[in-house]
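Peer 1:
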């Protein structure tokens with residue numbers, strides 16, 4: 001378990017309790033669970049978005065309304081065609097990523113920011129490869145919080161990006177992972193996956209919680225260990241059938 005994730009300021013208390021129950025379940029089954037220091041993971045999300053947004057800007061540059069993508073023909077020449085096609089064809093988040101990506105790739109910054117992101121990625125790959133020489137898998141929450149309300153964080157992109165805090169290292173390290181339900185939180189309490197008394201089952205949650213929400217855990221393993229982590233995930237799900245998403249109540 002990476003210490004950097006457990007001590008993250010973004011980790012919600014109720015999610016942490018569900019995750020702690022998961023850890024204790026593995027220990028009760030005879031697994032050796034250690035908390036390890038991986039300082040490079042503090043830079044994982046920054047590295048991920050530097051690289052991902054740069055790639056997005058580069059890949060989406062082809063959508064000009066002539067060779068690729070929807071065309072908005074204004075009849076005012078190629079420049080107007082490009083501007084109107086891309087303005088109307090891309091949504092706010094895509095535009096934001098293109099702008100930031102082009103900024104990172106600009107001549108002024110590409111030799112610094114982008115290369116630093118690539119350097120961090122290479123270091124994460126080395127650190128995770130070294131880690132798996134000792135351990136079979138890495139265990140961490142899937143997300144630092146439960147799902148937020150629709151539209152709640154639209155005006156704060158940084159908060160939305162931080163939802164990926166515990167998953168970006170997997171992409172950077174080029175390793176397989178799987179996320180499975182571990183319990184529920186919200187609605188006045190939290191129900192952890194462990195029910196044998198080895199972990200707290202009830203926690204008084206924030207009264208503003210938006211109903212009962214699922215909490216996920218993530219198993220990550222070394223390259224080409226897909227079969228192993230799928231078997232681990234299957235074992236967890238077989239013993240915790242009640243951890244799936246709650247039934248949604250809707251009205252028309």
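In our numbering, the protein residues as written are 1 to 252. Using N, Cα and C, we set each Cβ at its ideal position, and we do this for glycine too.
Please tell me whether residue 124 and residue 44 are closer than 8 Å, where the distance is taken between their beta carbons.
Peer 2: For this step, residue 124 is matched to residue 124 along the chain shown. For this step, residue 44 is matched to residue 44 along the chain shown. Their beta carbons are under 8 Å apart, which means residue 124 touches residue 44 by this criterion.
Peer 1: What's the call for residue 65, buried or exposed, on a 16-neighbour Cβ count within 10 Å?
Peer 2: Taking the chain shown and counting its residues from 1, one reaches residue 65 at position 65. Answer is buried; the Cβ neighbour count reaches 16.
Peer 1: Quick test of your reading: residue 101 and residue 54, contact by CB under 8 Å. State the CB separation rounded to the nearest angstrom.
Peer 2: Sequence index remark: in the chain shown, residue 101 carries index 101 (1-based). Sequence index remark: in the chain shown, residue 54 carries index 54 (1-based). Indeed they touch by this definition, with Cβ atoms about 5 Å apart.
Peer 1: On the DSSP bridge assignment, give the partners of residue 219 in chain order.
Peer 2: For the purposes of this step, residue 219 is identified with residue 219 of the chain shown, where counting begins at 1. DSSP lists 139, 178 as partners of residue 219.
Peer 1: Measure the alpha-carbon distance for residue 200 versus residue 82 and round it to whole angstroms.
Peer 2: In the chain shown, the residue the question calls residue 200 occupies position 200. In the chain shown, the residue the question calls residue 82 occupies position 82. For residue 200, the pLDDT reaches just 37, beneath the cut-off of 50, and the residue's location in the model is therefore unreliable, leaving the point undetermined.
Peer 1: Counting C-beta neighbours from all protein chains within 10 Å, is the total for residue 39 16 or more, i.e. buried, or is it exposed?
Peer 2: For the purposes of this step, residue 39 is identified with residue 39 of the chain shown, where counting begins at 1. Burial call: exposed.
Peer 1: Is the Cβ-Cβ distance between residue 231 and residue 139 less than 8 Å?
Peer 2: Taking the first residue of the chain shown as position 1, residue 231 is located at position 231. Taking the first residue of the chain shown as position 1, residue 139 is located at position 139. Contact flag unset, no.
Peer 1: Quick one, are the C-beta atoms of residue 184 and residue 212 less than 8 Å apart?
Peer 2: As a working note, residue 184 is residue 184 in the chain shown. As a working note, residue 212 is residue 212 in the chain shown. Taking 8 Å as the Cβ cut-off, residue 184 and residue 212 qualify as a contacting pair.
Peer 1: State the CB to CB distance for the pair residue 132 and residue 222, rounded to an integer number of angstroms; the pair is presumed to be in contact (CB under 8 Å).
Peer 2: Sequence index remark: in the chain shown, residue 132 carries index 132 (1-based). Sequence index remark: in the chain shown, residue 222 carries index 222 (1-based). About 4 Å; that satisfies the 8 Å criterion.
Peer 1: If the criterion is Cβ atoms closer than 8 Å, does the pair residue 173 and residue 243 meet it?
Peer 2: Against the chain shown, residue 173 aligns to sequence position 173. Against the chain shown, residue 243 aligns to sequence position 243. For residue 173 and residue 243, no; Cβs fall outside 8 Å.
Peer 1: Is it the case that the Cβ atoms of residue 72 and residue 85 are separated by a distance below 8 Å?
Peer 2: Residue numbering aside, residue 72 sits at position 72 when the chain shown is read from its first letter. Residue numbering aside, residue 85 sits at position 85 when the chain shown is read from its first letter. Yes, the Cβ-Cβ distance between residue 72 and residue 85 is below 8 Å.
Peer 1: What three-state label does DSSP hand residue 157 in the structure shown?
Peer 2: The sequence position of residue 157 within the chain shown is 157, counting from 1. Note: residue 157 maps to helix in three-state DSSP.
Peer 1: Kindly indicate which three-state DSSP category residue 144 falls into: helix, strand or coil?
Peer 2: Here residue 144 is taken as the residue at index 144 of the chain shown, counted from 1. It is coil, neither helix nor strand.
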